[in-house]
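Worksheet: one structure, shown below.
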Amino acid sequence: MNQIMKFQSQLLNWYDLHGRKNLPWQVDDSYLVWISEIMLQQTQVLKVIDYFNAFISEFPNMKLLAQADINDVLALWSGLGYYNRARNIHKTAQICVQEHNAILPLDLKKLMALPGIGQTTAGAILSLASNLPFAILDGNVKRVMSRVYRVGEIKLSEYTNKLWQLAEQNISKQRPKNYNQALMDLGSLVCVRSKPRCHECPLNTLCQAYQVNETELYPPKKTKTKQIAVTLHALLVIKDEKILLRKRGETGIWAGLWFLPEFIGKKSSNLLHSIKHVLSHRILTINVYKNKELVDKIQDCHWVALSDLKKFAHPSALVKIINAVDLKY
DNA sequence: AATCCGGGGAT
DNA sequence: ATCCCAGGATT
């Protein structure tokens, strides 16, 4: 038996015993697989489950999603982050209704041409929903492959190309769905970033990093982008259980979401609270003021009942601010 | 090739 | 405090 066949059979035998088989999106429905894959981009499984169930309850199929108001789609995304994913889901649903008979195309290139779908998401849709032999290369697969084949310290583009090559070379033609799911499960349950459980790993006899006791050196660390500090000044006005909100512009952080009205410059008086909110590329200091005299000068604001907040797409920072200031204000 | 885009879990 | 998560689009 050659190395690739060993890799496949040992991985699939492990999956049959220990793999995940009951996640809510593990169904033969490309629509549901697609929604889950978008939500799972840079987002952990545990957090996605509740968002996924709420989303498909409201938009159970492609046509209903395509007909939806984008604001309602975004509202169901509140707190999940990377809100362009919600916009792209909506656009893709409309394209599928118009051009693909209201279903996702069963074609790698056509899938990748849709907004928000790259090679990994396209491969996941084809393999997980239709059991077609297309590879994926998410964070889990990268970690497993970089350790098993000891792929490290090279130029990023070469690193990525090499891992794609390995992912495609090793995929099972007989059980591609289970193979991809197995690699992801192995990466998230056994071949974890720190202190991998190599003694439980079905690939440990093949793993080059394990053989030389260097699993901690793989995968190579990502180069982190510098976080820039930004200070915002915002007004918190709550009256009769309603809060004054403003819809943000279509570009930048929290594009199109509802947040507190902001103003330029600072007023040292009337400062209610200063909140630190960290994003992947920004460190926000949000100074929250009460200054009802300014309210009349703020344009494009709407009073939103606090009990209706979930109907208005908003970042988690808004909830953080309301909770932090609530008792004092 | 580097940056933008959120939020939070694990350590 | 650091790393990174079922990444993709844009610059």
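Just add 1359 to the spot in the first sequence (first one is 1) and you have our numbering.
Think of the CB as a built atom: it goes at the ideal place given N, C-alpha and C, for glycine as much as any other residue.
7 Å CB neighbourhood of residue i in its chain, flanking five on each side removed
{"i": "L1562", "result": "F1366, Q1369, L1370 and V1507"}
{"i": "P1620", "result": "A1593, L1594, L1603, R1605, I1657 and C1660"}
{"i": "P1474", "result": "N1447, K1450 and T1451"}
{"i": "A1683", "result": "H1632 and I1634"}
{"i": "S1675", "result": "G1438"}
{"i": "Q1567", "result": "V1507, Y1508 and R1509"}
{"i": "Y1374", "result": "N1537, Q1540, A1541 and D1544"}
Rounded C-alpha distance that separates residue i from residue j
{"i": "I1448", "j": "S1628", "result": "43 Å"}
{"i": "S1505", "j": "V1647", "result": "46 Å"}
{"i": "L1465", "j": "H1459", "result": "10 Å"}
{"i": "A1664", "j": "I1602", "result": "6 Å"}
{"i": "I1397", "j": "K1679", "result": "25 Å"}
{"i": "T1479", "j": "D1497", "result": "6 Å"}
{"i": "N1529", "j": "Q1570", "result": "20 Å"}
{"i": "Y1577", "j": "K1450", "result": "38 Å"}
{"i": "N1650", "j": "V1596", "result": "8 Å"}
{"i": "V1407", "j": "L1399", "result": "6 Å"}
{"i": "M1364", "j": "M1471", "result": "29 Å"}
{"i": "N1372", "j": "K1585", "result": "43 Å"}
{"i": "V1589", "j": "V1637", "result": "10 Å"}
{"i": "N1420", "j": "L1630", "result": "47 Å"}
{"i": "L1515", "j": "A1672", "result": "36 Å"}
{"i": "G1378", "j": "L1405", "result": "16 Å"}
{"i": "K1501", "j": "E1517", "result": "13 Å"}
{"i": "T1402", "j": "Y1410", "result": "11 Å"}
{"i": "I1454", "j": "D1544", "result": "32 Å"}
{"i": "N1381", "j": "L1591", "result": "43 Å"}
When the options are compared against residue i, the one with the closest alpha-carbon
{"i": "Q1533", "options": "A1672, R1509 and P1492", "result": "P1492"}
{"i": "Q1658", "options": "L1604, D1667 and L1668", "result": "L1604"}
{"i": "Q1457", "options": "I1587, L1467, L1470 and K1422", "result": "K1422"}
{"i": "I1495", "options": "P1474, N1537, E1512 and I1513", "result": "N1537"}
{"i": "A1483", "options": "R1502, S1547, T1402 and I1394", "result": "I1394"}
{"i": "F1622", "options": "L1594, I1454, L1548 and V1551", "result": "L1594"}
{"i": "I1476", "options": "L1668, I1642, L1616 and R1444", "result": "R1444"}
{"i": "M1360", "options": "A1672, L1565 and W1384", "result": "L1565"}
{"i": "E1527", "options": "S1516, P1383, L1542 and I1513", "result": "L1542"}
{"i": "W1662", "options": "V1503, I1642 and F1618", "result": "F1618"}
Buried or exposed (CB count within 10 angstroms, at least 16 for buried), residue i
{"i": "N1539", "result": "buried"}
{"i": "S1437", "result": "buried"}
{"i": "A1413", "result": "exposed"}
{"i": "G1546", "result": "buried"}
{"i": "H1640", "result": "exposed"}
{"i": "T1574", "result": "buried"}
{"i": "P1535", "result": "buried"}
{"i": "D1428", "result": "exposed"}
{"i": "L1424", "result": "buried"}
{"i": "S1416", "result": "exposed"}
{"i": "L1376", "result": "exposed"}
{"i": "V1551", "result": "exposed"}
Cβ neighbours of residue i in the same chain (closer than 8 Å, five flanking residues each side left out)
{"i": "A1467", "result": "In the sequence as presented, Ala is not what sits at residue 1467; that position holds Leu. Cβ within range, chain order: Q1478, A1481, G1482, L1485 and F1493."}
{"i": "S1633", "result": "T1644, I1645, N1646 and V1647"}
{"i": "E1600", "result": "A1664, L1665 and S1666"}
Own chain partners of residue i with C-beta closer than 6 Å, once the 5 adjacent residues on each side are dropped
{"i": "K1670", "result": "A1434"}
{"i": "P1579", "result": "G1511 and E1512"}
Three Cβ pairs or more, each shorter than 8 Å: is that satisfied between the stretch 1479-1498 and the stretch 1376-1392?
yes
Contact between the stretch 1553-1562 and the stretch 1606-1625: three or more CB pairs below 8 Å?
Between the stretch 1553-1562 and the stretch 1606-1625 there are fewer than three inter-stretch CB-CB distances shorter than 8 Å, so the stretches are not counted as touching.
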